[in-house]
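For reference, the structure is listed below as structure tokens.
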Amino acid sequence: MYGLHGRIVATPGGGDALVALLLEGADGLADMESCRLYVISRDLKDPDAAWITEVWTDRAAHDASLKDERVREVIRRARPLIASMSDSMELVPVGGKGL
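First residue of the sequence shown: 4, per the numbering used here; consecutive thereafter.
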């Protein structure tokens, strides 16, 4: 398996709009069998920040998802809302509830 976890910060006051768009993008992953987990979490300390946790069958599946037109459209719409991305980690999920 292949995992990603990272923090994304919206432009000031844009946290709700960014999270709504990320959740819309998550809905678009429903038919991608290779996406095992895609979770958007709000940051309790910063209303403009969110965390994204992803688990894919492998890195190639994640890379392929970035070529999907629906995913590309969400990324295109999200770019103007994003102030920064940080604390990004690549992970190897090994199991647990939900996997």
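Every residue, glycine too, gets a C-beta built ideally from N, C-alpha and C. In this text, all values refer to a predicted model and were calculated from it rather than measured experimentally.
For residue i, which three-state DSSP category applies?
i	result
residue 16	coil
residue 86	strand
residue 94	strand
residue 53	strand
residue 69	coil
residue 9	strand
residue 25	helix
Apart from the five residues just before and just after residue i, which ones in its own chain have a Cβ nearer than 7 Å to its Cβ?
i	result
residue 26	43
Taking 8 Å as the limit between beta carbons, can you name the residues of its chain near residue i, skipping five residues before and five after?
i	result
residue 61	4, 5 and 37
residue 81	21, 24, 25 and 28
So, residue i versus residue j, is the Cβ gap smaller than 8 Å?
i	j	result
residue 21	residue 29	no
residue 24	residue 94	no
Only counting the same chain, and skipping five residues up and downstream in sequence, which positions put a Cβ closer than 6 Å to that of residue i?
i	result
residue 97	none
residue 31	73
Give a yes or no on contact between the segment 64-72 and the segment 34-46, applying the rule of three or more CB pairs nearer than 8 Å.
-> yes
Should the segment 39-52 be regarded as contacting the segment 69-82, the criterion being three or more beta carbon pairs within less than 8 Å?
-> no
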